Amino acid sequence: MEWENSSNRDHGLYAGSLNYPAMIGYKGCKCNDFVDEYEWQSPTLPPFNATETCHMLGKRAVLYIGDSTAHEAASTLMNSFRPAGETCQTQITFALSDTLIGRKYGALNRGRRWTTRVEMVQPDIIILSVGAHIVTNDTIYMNVIDQVFSEIEAMKENIPPHVKFASQTQVPAGCSERITSPQNAIGMPYMDLRMLYSRTDAHINNQTGARQPDCLH
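To convert, note that position 35 of the sequence shown is 29 in this note's numbering; the numbers rise steadily by one, no gaps.
Right under this line is the structure:
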């Protein structure tokens, strides 16, 4: 992938900008002339308000760490502030880390360990995501999750108490009827994106000549 408009191309690290939209790449979903007949909204959450969100964020810095699905979530949030003329997108950073722990379990292992990313950025809110690039088996995937949770607990002993951790739900998209939700023993909150996966445009990639179907983007 190309890290366009990146503040740190060598490390797969970039923050929101006042001058240009955040990049949302990945050619995984192609729905020509798609028109959705529904208006998507939550029955419990109020509509997104960029001004109120920036106010609640205050001066805190947010760091998304993960693969391309985390990249898309981070870029979407960054770009959500621009139409309202807000500036807090500059407080949001994305850091590439395909497996979080720096080990190769599939085709790609881009980026640095998640702990290194935290040391580089020193954020107030850390959102972690891992899944698509750990394709060996479920046992290894759960071992990675357990290792990350253990590292979080160890890190909490050496960072300011106001720093918050969260995880992002994984993306079955059009590949599976199951929509996964995180289960963990440390009570970490999670950013629930599962409602997006049931959209009628959440299809497996139909790009001509694609190496394999892409259900994630």
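We put the CB at the ideal spot given by N, CA and C, even for glycine.
It should be emphasised that the depicted structure is a prediction, and the values quoted were computed from it without experimental measurement.
Secondary structure of residue i, DSSP reduced to three states
i      : result
Ser91  : strand
Met17  : coil
Gln162 : strand
Met50  : helix
Thr174 : A caution first: Thr174 carries a pLDDT of 48, below 50, which makes its placement in the model unreliable, though a value can still be read off. Residue state, collapsed to three classes: coil.
Ala179 : Here Ala179 scores only 49 on pLDDT, less than 50, and its place in the model should not be relied on; the value that follows carries that caveat. It is coil, neither helix nor strand.
Strand pairing of residue i, partner residues [DSSP]
i      : result
Leu71  : Leu71 pairs with nothing; no bridge assigned.
Gly299 : The requested residue 299 is not part of the displayed model; the chain covers only -5 to 211.
Met185 : Gln162
Gly60  : Leu90
Residues near residue i by beta carbon distance below 6 Å, same chain, minus five either side
i      : result
Ile146 : Phe159
Met72  : Gly10, Ala16, Gln83 and Ile86
His65  : Phe88
Tyr58  : Ala64, Ala68, Phe88 and Ile121
Asp4   : Residue placement at Asp4 is poorly supported in this model, since its pLDDT is 46, which falls under 50; the coordinates still yield a value, given next. Excluding residues within five positions, none has a Cβ falling inside 6 Å.
Residue i: first and last residue of the uninterrupted alpha helix (DSSP H) it sits in
i      : result
Thr109 : Trp108 to Val115
Contact set for residue i: own chain, Cβ-Cβ below 8 Å, skip 5 residues either direction
i      : result
Thr84  : Ala9, Gly10, Ser11 and Leu12
Glu171 : Unreliable placement is indicated for Glu171, whose pLDDT of 45 sits below 50; the coordinate value is still reported in the next sentence. So no residue of the chain qualifies.
Asp118 : Arg54, Ala55, Val56, His156, Val157 and Lys158
Asn103 : Asp92, Thr93, Gly96, Arg97 and His127
Thr45  : Ala78 and Glu80
Leu51  : Cys82 and Gln85
Nonlocal neighbours in the same chain, by C-beta distance under 7 Å from residue i, ignoring five residues either side
i     : result
Gly6  : Trp(-3), Ala89, Leu90, Arg104 and Gly105
Tyr99 : Thr93, His127, Ile128, Val129, Thr130 and Ile134
Whole alpha helix (DSSP H) elements within the segment 117 to 160, 4-residue minimum: 132 to 150
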